[in-house]
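J.: Mind looking over this structure? Questions follow.
In our numbering, the protein residues as written are 27 to 180.
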């Protein structure tokens, strides 16, 4: 019995270590492809994914005007702004092997960063659950992708 438990634990650990090797490595994907993934994610993300994004953004204090970084637009407008970022990002920057920051520069002020008004909004996305080579239009594959954080950015 101990042998089975040990083998199961060992196999689970090996699987956990091997899984990231099959995940989308954002540093190795063309920026345009990352933008296309974000476009599809925006169209197919589920309620839970959006709830997680808003929870993390709220926890970070970005909806409170006494924070170092915060939104100045009405809270009700932020979802539409985030949707614009994902649908039409002007810039995408990979980080932490499976993550990317999507940025869009708006014509008007959207927030404050360190007491400076900013017009850009950034959205962090974690693509670790998306297998490398997934078709950019595969909406069903987007159901497990993590929307991490939305924030005004310099």
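We put the CB at the ideal spot given by N, CA and C, even for glycine.
Nearest CA to the CA of residue 111: which residue from 94, 130, 125 and 90?
T.: It is 130 whose Cα lies nearest to the Cα of residue 111.
J.: Using CA atoms only, rank isn't needed, just tell me which of 74, 159 and 147 is closest to residue 96.
T.: Checked all of 74, 159 and 147; the closest Cα to residue 96 is 147.
J.: How is residue 171 classed by DSSP in three states: helix, strand or coil?
T.: If DSSP states are grouped into helix, strand and coil, residue 171 belongs with coil.
J.: Please list, in chain order, all residues of the same chain as residue 163 whose beta carbon is under 7 Å from its beta carbon, the five residues on each side excluded.
T.: Answer for residue 163: 66, listed in chain order.
J.: Output the distance between the C-alpha atoms of residue 119 and residue 139, rounded to the nearest integer angstrom.
T.: The alpha-carbon atoms of residue 119 and residue 139 are separated by roughly 19 Å.
J.: Which of the three DSSP states, helix, strand or coil, is assigned to residue 131?
T.: In the structure shown, residue 131 sits in a strand (DSSP, three-state: E or B).
J.: Where DSSP assigns a beta bridge to residue 73, which residues make up the other side?
T.: Answer is none; residue 73 lacks a bridge partner.
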